[in-house]
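Report on one structure; see the data block that follows.
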Amino acid sequence: MDVEDTEGETGSRPEDDPGTGVVAAFGRQLKLLRTAAGMERAELGGRLGYSASSIASYEQGRRIPPPRFIERADEALGAGGVLLALKEEVARAQYPAHFRDAARAEARALGVHVYAAIAVPGLLQTEEYARAVFTVQRPLLDDDVIEQRLSARLARQDIFDRRPAPLLSFVIEEFVLRRPVGGRPVLNGQLEHILLVSQKRNVEIQVMPVDREDHAGMDGPFNLIDTAEGQRIAYTEVQDDSRMHTDRARVHELESRYGIIRSQALTPRESSAFIEKLLGER
Numbered sequence: 113m114d115v116e117d118t119e120g121e122t123g124s125r126p127e128d129d130p131g132t133g134v135v136a137a138f139g140r141q142l143k144l145l146r147t148a149a150g151m152e153r154a155e156l157g158g159r160l161g162y163s164a165s166s167i168a169s170y171e172q173g174r175r176i177p178p179p180r181f182i183e184r185a186d187e188a189l190g191a192g193g194v195l196l197a198l199k200e201e202v203a204r205a206q207y208p209a210h211f212r213d214a215a216r217a218e219a220r221a222l223g224v225h226v227y228a229a230i231a232v233p234g235l236l237q238t239e240e241y242a243r244a245v246f247t248v249q250r251p252l253l254d255d256d257v258i259e260q261r262l263s264a265r266l267a268r269q270d271i272f273d274r275r276p277a278p279l280l281s282f283v284i285e286e287f288v289l290r291r292p293v294g295g296r297p298v299l300n301g302q303l304e305h306i307l308l309v310s311q312k313r314n315v316e317i318q319v320m321p322v323d324r325e326d327h328a329g330m331d332g333p334f335n336l337i338d339t340a341e342g343q344r345i346a347y348t349e350v351q352d353d354s355r356m357h358t359d360r361a362r363v364h365e366l367e368s369r370y371g372i373i374r375s376q377a378l379t380p381r382e383s384s385a386f387i388e389k390l391l392g393e394r
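Now the structure itself:
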């Protein structure tokens with residue numbers, strides 16, 4: 113008999129919004145396939161290296177299964193790709209609802225261009241810095257949600273290892289690089305990481321000094337994403353209220369703004385020297 117045991121669960125907890133429906137659908141399919149194969153949860157878990165309670169949590173849609181689990185479960189149950197077909201959508205459920213469409217576009221992008229005016233861009237964040245960002249968020253996030261979002265944010269950084277390599281550019285406000293999110297040691301590690309990433313040939317990182325009188329970025333941060341289909345889209349976000357822009361006139365406006373912002377910022381070489389100087393001040 114299957115036991116409703118929730119101890120020792122692994123995987124991420126889906127957030128409480130309509131986007132988690134795919135997680136529930138995956139769970140139902142998993143249970144149907146397991147039952148059809150004549151396996152108890154403990155048997156399937158034993159084959160895949162998971163506890164019976166983890167299998168239960170996946171089937172009930174209470175946790176988000178990792179991609180490796182989905183791949184192995186599809187094979188073990190002879191699902192013929194039924195579970196694999198849901199893998200991408202299940203992975204998207206780990207992101208906050210307002211970011212899911214942007215995350216999907218980013219994952220397949222030919223280029224990403226970021227103007228960051230509040231925090232270090234997620235693609236550049238270290239694990240310690242990202243954890244601090246989620247920890248200080250108000251209202252407070254549950255520990256499970258913090259771990260879920262942290263895992264999702266770090267997974268996005270696979271973009272740096274993709275081939276062919278996408279073109280990535282970032283303009284970061286100086287005060288963002290001075291704010292000691294997580295404390296001075298965390299910030300120092302973050303600055304060192306930015307310098308390391310900036311050495312990649314497909315990455316350009318620029319700093320916008322606070323003493324610039326002319327500044328085209330006063331309306332706030334935004335991203336430009338060059339899609340795999342050859343389209344450029346824009347993403348804006350304020351207080352968890354986000355919008356994807358595909359209208360050509362609006363995208364062109366933000367393209368022009370980003371170009372001006374880049375021209376007003378320090379060059380990539382100057383920016384690296386500036387960050388090295390910041391580190392020397394610590």
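Heads up, the final residue of the sequence shown is numbered 394 in our numbering, and it's a clean run with no missing numbers. Don't be surprised by glycine CBs; every beta carbon is placed ideally from N, CA and C.
- Looking only at DSSP bridge pairs, what is N335 linked to? Answer is V226, Y347.
- Message: Closest to S383 by C-alpha separation, out of E285, H364, G295, G301, would be which residue?
- Response: Considering only alpha carbons, the answer is E285.
- Query: Less than 7 Å separating the beta-carbons of T238 and Q302?
  - Reply: Yes, the Cβ-Cβ distance between T238 and Q302 is below 7 Å.
- Give every residue of the same chain whose Cβ lies closer than 7 Å to the Cβ of Y227, excluding the five residues on either side of it in the sequence, and list them in chain order. Within the same chain, Cβ atoms closer than 7 Å to the Cβ of Y227 are found at V283, G329, P333, F334, Y370, I373, the five residues on either side in sequence being excluded.
- Message: I need the boundaries of the beta strand (DSSP E) containing F282, first residue and last residue.
- Response: It spans 279–285 - the beta strand (DSSP E) in which F282 sits, taken as one unbroken run.
- Message: Bridge partners for R374 per DSSP, in chain order?
- Response: Partner(s): none; R374 has no beta bridge.
- Message: Taking the alpha carbon of F138 as the reference point, which residue from L235, E201, T358 has its own alpha carbon closest?
- Response: Taking only the C-alpha atoms, the option nearest F138 is E201.
- Under the DSSP definition of a beta bridge, which residues are partnered with V319? DSSP, once it has assigned bridges, lists I284 as partnering V319.
- Message: If you reduce the DSSP assignment to three classes, tell me which class R355 lands in.
- Response: Note: R355 maps to strand in three-state DSSP.
- Three-pair Cβ contact test at 8 Å for the stretch 384–394 versus the stretch 300–315: Pairwise C-beta distances place the stretch 384–394 in contact with the stretch 300–315, as three or more of them are shorter than 8 Å.
- What separation, rounded to the nearest whole angstrom, lies between the Cα atoms of G157 and P276? Approximately 37 Å between the Cα atoms of the pair.
- Query: At what residues does the alpha helix (DSSP H) containing A272 begin and finish?
  - Reply: It should be pointed out that residue 272 corresponds to Phe in this sequence rather than to Ala. No alpha helix (DSSP H) holds F272; DSSP gives it neither H nor E.
- Query: With a Cβ-Cβ cutoff of 7 Å, do V99 and E240 count as a contact?
  - Reply: Outside the shown range of the chain, which is 113 to 394, sits residue 99, and nothing can be said about it.
- Item | DSSP-derived helix/strand/coil call for G392 | When DSSP states are grouped into helix, strand and coil, G392 belongs to the helix group.
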